[in-house]
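The UniProt record's numbering numbers the first residue of the sequence shown as 1 and each following residue consecutively.
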Amino acid sequence: MVESRGIDYGTNYSNPNDIPRGPEIIKEPEDLVIVTGESSAFIECIAMGNPKPTYKWYREVFTREEVSWKIDTRYTTTNGRLTISNPVDQLDTGDYQCEASNKFGSVLSRIVQVSFGVLSEFPSDDIIPQNVRAETGAVFQCPQLHYKPEVVYRWYKDEPWNFVSSKRFPNIFLSRNGKLYFSELTSADTGLYYCLASLAPDLHSRLSSDSGAVMVSMPTPVVVKDNAAAMRNPVIHNDFIAIFPTSVLLGETISMECMAFGSEPLKYHWTRENKGMPDRTTFYSNNRELRISDVKLGDSGIYTCHVRSGYTWMSTRKSAYLKIEAKPTTVYPLKSRLIDKGSNVTWRCMVIAIPKAHFTWYKNSKLLTNGNGVEINGNTLKITNLSAKLHNGIYQCVATNKHGSSYTAAQLRVVEFKPTFFKNPVTPIQTVCRGTNTTIMCRPEAAPYPNFTWTKNGQEITDIENKVTILPNGNLILHNIQDDDAGIYTCAATNPLGTASSSGNLTVVGRSAIPIGPRASQVLLNETAFLYCQGSVVPFMDHVYKWLFNNQPIAVDKDPHYSMATSDRDQRSGLYIRSAQFRHSGIYTCILETPVDSVESSAMLYVKGPPGPVAGVYALQLPGIERGFQVIWTDGDSHMAPIQFFTILAANNYHRNYVPIVENIPYQNTLLSTKYPRSFIVEKLYPGLQYSFKVQATNYFGRGPVSLPSVYYSVPEDSPDKAPDEVGGGGGSVGTLKITWTKLEPKDQGGSGIGYMVYWREKFDSPWLFTKIEGNMNEFSAYVGRSKFYTKYEVQVQAFNNIGPGPNSSIVTIYSAEDLPVAVPEEIGGSGYNESAINVTWSPVPENRETVKGKVLGYIITYWNRWEADPLVTGVSYPGQRSWGLITGLRYFDSDHFMYVQVYNSAGPGPPSRRATITTKGEAPLLYPRIIRVKSHGPDTVKVTWRGISTGNTEEALKGYKVRVWALNNDIRTARDYLMPRDTNLGIINGIRKGVLYNLRVLGYSNGGDGKLSPMVVFTLVPSQRMNIGDIVKRFYLAYLKIKVGDLDKSWAHTMIYLHCKVKCEVDINHEHNSDIDFVETSTKERENFNQTELNDLVRDPGLSKVLSGLLASRLEEKNLLQKETNVTFFYQNKEKDLLTFFTIGRDFVYCCDVAGLLNMMGVEQYDLS
């Protein structure tokens, strides 16, 4: 008996890299294509071995001409790399082979070819312009040029950066054959097209340089001429289906191309006869190209390209057979062998090759023939009566067919040495359990194979039935071990060259047990189960627990559903199954392992929950079932609760989402026949559709998952059941009757050949007229004559298919297309509305069919400035029957504007009216009222006085004043205006609530609009006599400055006051009514640093303490905001004292009489609202 031997057999090396061995090729050389003009090129093979291999290169392998510097100084060999300097085609083209050698033998690489790449220039002759018709297909050929070995084509249009690709131009396809195909030409395709050719290697070679030659052709002028519009059905071009490469080999990446002429968009898809697509399939160029990587022999078959028009819905297809052959590929490489002297060895060279390969054998790079114990029979090599002198060496099998060769090599070493236990001594100490069996291994290395003897405590052991067995491989088996079997066991191995022995001590101990093991259990879905496992072992012996699930190890550290409890002391040792799922149902086995034995205990765990998916869903079409099927299935796992209901879901070829069609079918109602396990009849499906079904089961715990889908089943076609919806129409060109409807959805069409019968007649009169429309359209226009404009018609629509007609729709009344109106608006007039708007008036045209020729949709006012040299003529439409229109946004006040008016209907506008001239108003008041005073007048009223304004020559005459009032915290757009006559300078404002702070501003207004707003005044009505002026100041602080007076000594108060007042007082908002725009005037004065007086005021006003005053001054100094020699002055006064001078009190009324002064005192000098 000879065991498998590695290359290290019989050696004492610990490092595998130090083991002597023959050479082995680990990197084969590649075919080389040298680019013309290269200064050097190389081919390379790499081998491993010990000692390190040396290399030789041979050219013209049959004559074995060695290539080295000795025959030509241009050749240099460095390790396994052969470098050719200044390569020359006539000298260096040919077949090359590498040989690697050391003291154990030599091995050959595959034969590689060195050739020179050739890429000629394109012809320099001008190319004849290609005049082609739009909406037709075309193909343009790259001019011919000479190349070797391969070439890659690209095209660009007009400019070198504008490369043509299907992503940018969906109607264009560039084939690997170099031709440029257009499925449909458009005017945008006119231009100059250039072809680029780049030198490329074939699939099994490499270029000596990445920068290969590139040639550019003369331009191909393409002129696309207009053509009559037409929809063209797809036609696959004769060049396709094209397969690249033409000879397909196992393991390559192949491409199949398909290209059709026809009206875009064209949709491509591929199928394979009787099989799905290989899982390595990808699609490119809008599915025109099918690419299969790492092609397998099973990928052969008939492939079909399908092309469908997105417009005409017509389709075409073409098929091609993909044949796959194979260059010889080694399936099982030869393995190196270490064989006893005088033995026999057999090698078989196993390859895949189509067509079949023939085989040659080599030893140490020399052709091997029969003789000296060598027998060659095709792919089998047999050597008998092995001798180291005759047979040691490197053997190589070469399999060859028309596509190439494959090489596999192995070393044969004939060995003989006496036995040794250096690597595999007998186990020194071996502990076993009482009552068990054990094997003591004896594995020496020896050649030839040794004989074995065993001794126990020095006494020879012989085979004893049912007690001791000595195996042919030397191993000793002891059965039913007891205490007296303990002792020293010695194995001795002997062959003709000598004897060696090795010993070990056998110890006998008691067995382990599991007194408390797992028991059969149930657990609800998503809950936790616990399985006990409590073991008993020999004291102080190491032990571990392991768990199996259905005889497979559980990775507790990787699966979060599992965790182990291993506390033997509190008897909580076992396995947790957390968030249990149905897949966790099964047999759990607890294994207790010690160094000497193992014991196990098993139990079943059941997971309860909703039923599992049903299986085997399919359908049958039975006689008497109206547009339906008998759906059949097999129950899934009930998961410990009986199934109560079933739900059948369906999808069709137009709606791929599965939706319930029959729900909550009782379990007992699905036993319709003893012939089928479960079934139910579904009826009233849509005719002409294909249906697929799924089934879902329900039990006490809920609904289970839906089943896998069935295949699709066709419902026989029938005439449409449904009439078209939303029949209507109107509009269109003059003299036509436009009829519209909603197209039937595919599910309602009932089958193929959908079309529509359209009926119409003049209401109350003539008989029905009709037309037949093929295809799924949604409108039709009938010519009724120009004199039949805006005439009532009755229409209805009926769907039909190849089976027959469906029901008619309801009769609907519509109007034929309108004609352009001939009516003209009269009495055009109007007046200025304000300085930038004009109100235009006219007499509406009567709703008369003869003049309006339809229904009035509205009016168009066209206007322009009278005095502009090149006026902007603008038209504005006003919908509906009306007599006026407001034109806004005019640029000039007090300026004349010409205008005319037209009525329009759905056909367009009628003739213009006479021209009218209307003048805009003058400007709104430019001044604002001043010296605003507010005084108490009553319990909810105040009296407001002001100094009036006058108007200038460019302004409209003053009509009066508006007093604008709003709550302090609200936006100005919430303000309420009180109108006052022009000859007064006071007004009474009512509706004022006590205790509320208000803003107030006054403005003048005229026909030109609202004038500018006065400065803002803040006031309030005091709620009672007990509220003093100090309370009003506190409210002002809170409402206006967003801070309480009591917080003025806080560390942050001075910063908030300063920033808030600065923002508040730098902005003046004027609310102009005529433009609805807030004009903002912002101070542009540059920042000035604080002087001594300003700093004193800043410290005094908030009443800061000494510490806070110093902090404020230091922060201002850090920001460079203090003038030189400015110091802090401390003031301890009442916080309200200086504020009182800015407020006035009278009876129960308090108001701020000087807002500018108040805010200026608080540190903001810039306050100018003029």
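C-beta atoms are modelled at their ideal positions from N, C-alpha and C, and glycine is treated no differently.
Quiz item: Would you call the CB atoms of I648 and V631 closer than 9 Å?
Solution: yes
Quiz item: Can you tell me whether DSSP reads I972 as helix, strand or coil?
Solution: helix
Quiz item: Helix, strand or coil: how does DSSP classify V67 here?
Solution: strand
Quiz item: If you follow the alpha helix (DSSP H) that Q90 is part of, which residue opens it and which one closes it?
Solution: 89–92
Practice problem: Confirm, please, whether the CB-CB distance from S115 to V107 is below 9 Å. | Solution: With a cutoff of 9 Å on beta-carbon distance, V107 and S115 are scored as not near each other.
Practice problem: Would you mind sorting M980 into buried or exposed? The rule is 16 or more other CB atoms within 10 Å of its CB. | Solution: So M980 counts as buried.
Self-check item: Among E465, E416, Q482, the one whose alpha carbon lies nearest that of residue 1206
Solution: Within the shown structure, residues of the chain are numbered from 1 to 1170, placing residue 1206 beyond reach of any answer.
Quiz prompt | Proximity of residue 1187 and P419 at Cβ, strictly below 9 Å | solution = One cannot answer for residue 1187 here, as it falls past the ends of the chain, which runs 1 to 1170.
Quiz prompt | Residue range of the beta strand (DSSP E) that includes R154 | solution = 150–157
Exercise. Can you have a look at E60 and say buried or exposed, based on whether 16 or more other CB atoms are within 10 angstroms of its CB?
Key: Exposed.
Exercise. Would you please state the rounded distance, in angstroms, between the beta carbons of A134 and D31? I believe it to be under 8 Å.
Key: A134 to D31, Cβ: 48 Å. No contact.
Quiz item: Smallest Cα separation from L708: which of F1143, V617, E826?
Solution: V617
Quiz item: Quick one, are the C-beta atoms of S781 and V727 less than 9 Å apart?
Solution: No, these two residues do not count as a Cβ contact at 9 Å.
Quiz item: Between the beta-carbon of Q411 and the beta-carbon of R337, is there less than 9 Å?
Solution: yes
Quiz item: Hey, how far is the Cα of L203 from the Cα of K148?
Solution: 13 Å
Quiz item: Ordered along the chain, which non-local residues of its own chain (more than five positions away) have a Cβ less than 6 Å from that of S692?
Solution: A651, P709, S710, Y712
Quiz item: Between I243 and M231, which are expected to be in contact by the criterion C-beta below 8 Å, what is the C-beta distance as a whole number of angstroms?
Solution: For a cut-off of 8 Å, the C-beta gap from I243 to M231 is around 31 Å, too long to register as a contact.
Quiz item: Does the Cβ of Y900 have 16 or more other Cβ atoms within 10 Å, making it buried, or fewer, making it exposed?
Solution: buried
Self-check item: Y153 beta carbon less than 9 Å from that of C98
Solution: no
Quiz item: What did DSSP end up calling N17 once you bin it into helix, strand or coil?
Solution: helix
Quiz item: From N848 to Y1005, what distance separates their C-alpha atoms?
Solution: 44 Å
Self-check item: Exposure of V599, with buried meaning 16 or more beta-carbon neighbours within 10 Å
Solution: buried
Quiz item: What do you reckon, are the CB atoms on F701 and L524 nearer than 9 Å?
Solution: yes
Quiz item: Helix or strand or just coil, what does DSSP make of R1026?
Solution: Below a pLDDT of 50, predicted positions are generally treated as unreliable, and R1026, at 42, falls in that range; no measurement from the model is reported.
Practice problem: Would you please state the rounded distance, in angstroms, between the beta carbons of E593 and V538? I believe it to be under 8 Å. | Solution: Between V538 and E593 the Cβ distance is about 13 Å, and since that is not below 8 Å, they are no contact.
Quiz prompt | Element boundaries [beta strand (DSSP E), containing L390] | solution = Looking at the DSSP string, L390 is not in any beta strand (DSSP E); the run it does join, the alpha helix (DSSP H), is 388–391.
Quiz prompt | Rounded separation between W741 and N664 - CA only | solution = 38 Å
Quiz prompt | Continuous beta strand (DSSP E) stretch holding T77: start and end | solution = 75–78
Quiz prompt | Identity of the residue in P450, N238, Y193 nearest T499 by Cα | solution = P450
Quiz prompt | Close-in-space but distant-in-sequence residues of the same chain around E325 (CB under 8 Å, 5 per side omitted) | solution = S247, V248, L249, L250, I354, P355, H403
Practice problem: Give the DSSP-derived three-state secondary structure of S787 in the structure shown. | Solution: Three-state DSSP puts S787 in a helix.
Exercise. Could you check which residue in E745, W760, R761, V351 has the C-alpha nearest to that of I754?
Key: Put simply, of E745, W760, R761, V351 the residue whose alpha carbon is nearest the alpha carbon of I754 is E745.
Quiz item: Helix, strand or coil: which one does DSSP assign to C1152?
Solution: strand
Exercise. Throw me the rounded Cβ distance for the G688 and V715 pair, which I believe falls under 8 Å.
Key: Going by Cβ atoms, the distance from G688 to V715 rounds to 7 Å, so yes, they are a contact pair.
Quiz item: How big is the Cα-Cα spacing for L381 and S405?
Solution: 18 Å
Quiz item: Hey, would you say I339 sits closer than 9 Å to V345, going by beta carbons?
Solution: yes
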